[in-house]
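Residue numbers (mature numbering (1 follows the signal peptide of the UniProt record, and there is no 0)): -24 to -1, 1 to 378.
For each residue, glycine too, the CB sits at the ideal point set by N, CA and C.
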């Protein structure tokens, strides 16, 4: 009987470890996820008579369908030259399947997790966030002239780290100690500073907005928090203004990149995305029921060569994805792939909005994931898929105290 009460807390802790190490410790992340899945699977089997088919079950089912869709597409539309695309989606699908089992299990067994069990998981998320933040800052000061990369490209670092930062902000808001105010401010500003180092525009622009919405919705914002944040930002800017300048310069360059694209010079980050989005929709129109990555590559390349002035930046990116989650799904898996993806996001929105205490999840997990998916493809990367899936139990199970 004692073991029964401890198992859900162990699974939650392992999930938090996997969530927190997705960016900087892939082996730890993978092993923690596998262990959490195995424990969840066997405990579900042992307690199968007591299982409930609630809204969490339907979300897990929707997630499983999405994962199966990724696997079946690779089977029926097998690629030869672009086999790495199939491989990436296959490994992502396996992680989604495992995470869906974990989420269902934790939702079923949440009443067996003690306050100490939740507290330990909170500590894991905060410590993991602080560790990767310090690691990122150290990497930047060793390579000050480039955008921050932590074992992957800067944009992926920004997406994954932002989700981890949002989770840490939420967790600190659930703490009721005399230091929680300072910890909350530290996490918010540390997260923003590290994101500046990635110079990823969509994340830098949305991060403060989403944090403000969360603080306002949770009634956590006050004059002291605002003054302290302004003071720390001013001091940090005075000590090292270069990250602020570089990020601001990239944001300002957005309008110039749009003008360049309209002038038939799309060899920029934004210009490449515009070309890829058009080419992806063209590929979907040619094969609305799906196609192999090999066939998509041919169609997308032909379109860019013919209609996008052979945009070199776009041509460098067509091997893997279309820089938009839904367009990528449409161009590769067709209508049914996009429907599975839409069902997943709708199901995720439903469980957060239906549970009033978990509205923070809609603000800090669902919304940024959806926004980032408009300018990039998240589900082709293991790290993005893991933090999105394992972020769900953080907001559903860890509650703010009154």
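**Study point:** Beta-carbon contacts of residue 374 that lie in its chain and below 8 Å, excluding the five residues immediately before and after
**Key:** 94, 97, 98, 146, 147 and 150
Practice item. Could you check the C-alpha separation between residue 112 and residue 169 for me, to the nearest Å? Key: 10 Å
Exercise for review: Starting from the Cα of residue -7, find the closest Cα among -16, -19 and 11 and give me that residue.
Suggested key: 11
Review point. Nearest CA to the CA of residue 44: which residue from 71, 337 and 152?
Key: 71
Review point. Taking the continuous alpha helix (DSSP H) assigned at residue 53, which residues delimit it?
Key: Neither: residue 53 is in no alpha helix (DSSP H) and is coded neither H nor E.
**Study point:** Cβ-Cβ separation, residue 344 to residue 142 (assumed contact under 8 Å), whole Å
**Key:** 7 Å
Practice item. Identify the continuous alpha helix (DSSP H) that holds residue 374 and give its terminal residues. Key: From DSSP, residue 374 is part of no alpha helix (DSSP H); its letter is neither H nor E.
Exercise for review: Would you kindly work out how many angstroms separate the C-alpha atoms of residue 192 and residue 339, rounded to a whole number?
Suggested key: 11 Å
Check your understanding: Should residue 356 be labelled buried (16 or more other beta-carbon atoms within 10 Å of its own) or exposed?
Key -> buried
Exercise for review: Would you kindly work out how many angstroms separate the C-alpha atoms of residue 354 and residue 163, rounded to a whole number?
Suggested key: 24 Å
Exercise for review: Look at residue 239 and residue 61 and say whether their C-beta atoms are less than 7 Å apart.
Suggested key: no
Check your understanding: Is it true that the CB of residue 2 sits closer than 7 Å to the CB of residue 78?
Key -> no
**Study point:** Under the three-state DSSP convention, the category residue 151 falls into
**Key:** coil
Check your understanding: Using the beta-carbon count (16 or more within 10 Å), is residue 117 buried or exposed?
Key -> exposed
Check your understanding: By Cβ distance below 8 Å, which residues in the same chain neighbour residue 102 in space, the five residues on each side in sequence not counted?
Key -> 144, 147, 148, 159 and 163
Review point. Can the beta-carbon of residue 305 be found less than 7 Å from the beta-carbon of residue 315?
Key: no
Review point. At a cut of 8 Å, does the segment 290 to 303 reach the segment 247 to 261 through at least three beta carbon pairs?
Key: yes
Check your understanding: How long is the line joining the alpha carbons of residue 136 and residue 175, rounded to whole angstroms?
Key -> 14 Å
Point to revise | CA-to-CA distance, residue 54 to residue 80, given in whole angstroms | key: 31 Å
Point to revise | Extent of the continuous alpha helix (DSSP H) to which residue 249 belongs | key: 245 to 262
Point to revise | Which of helix, strand or coil DSSP assigns to residue 356 | key: coil
**Study point:** Rounded distance between the beta-carbons of residue 256 and residue 303, thought under 8 Å
**Key:** 4 Å
Point to revise | Beta-carbon separation (whole angstroms), residue 179 vs residue 173, contact threshold 8 Å | key: Not quite, the Cβ-Cβ distance comes to about 11 Å (not below 8 Å), so this is no contact.
Check your understanding: Apart from the five residues just before and just after residue 165, which ones in its own chain have a Cβ nearer than 8 Å to its Cβ?
Key -> 205, 208, 209 and 212
**Study point:** Nonlocal neighbours in the same chain, by C-beta distance under 6 Å from residue 8, ignoring five residues either side
**Key:** -11, -8 and -7
Practice item. Look up residue 20 in the DSSP assignment and say whether it is helix, strand or coil. Key: helix
Point to revise | Segments of 4+ residues assigned as alpha helix (DSSP H) that fall wholly inside the segment 132 to 200 | key: 156 to 174 and 177 to 193
Check your understanding: Start and end of the alpha helix (DSSP H) containing residue 112?
Key -> 91 to 118
Exercise for review: Within the same chain, show all residues whose beta-carbon is closer than 7 Å to that of residue 100, passing over the 5 residues directly before and after it, in chain order.
Suggested key: -12, -9, -8 and -5
Check your understanding: How should residue 367 be labelled, buried or exposed, when 16 other C-beta atoms within 10 angstroms of its C-beta is the threshold for buried?
Key -> buried
Point to revise | Supposed contact pair residue 342 and residue 324 - C-beta distance, whole angstroms, cut 8 Å | key: 5 Å
Check your understanding: Are residue 236 and residue 299 close, meaning C-beta to C-beta below 7 Å?
Key -> no
**Study point:** Neighbour-count burial assignment, residue 378, 16 or more Cβ in a 10 Å radius
**Key:** Because the pLDDT of residue 378 is 42, which lies under 50, any placement of that residue in the model is unreliable, and the number read from its coordinates should be weighed accordingly. Residue 378 should be labelled exposed.
Check your understanding: Which residues bound the alpha helix (DSSP H) around residue 348?
Key -> 343 to 351
Check your understanding: Comparing alpha-carbon positions, which option in -3, 35 and 56 lies nearest residue 273?
Key -> 56
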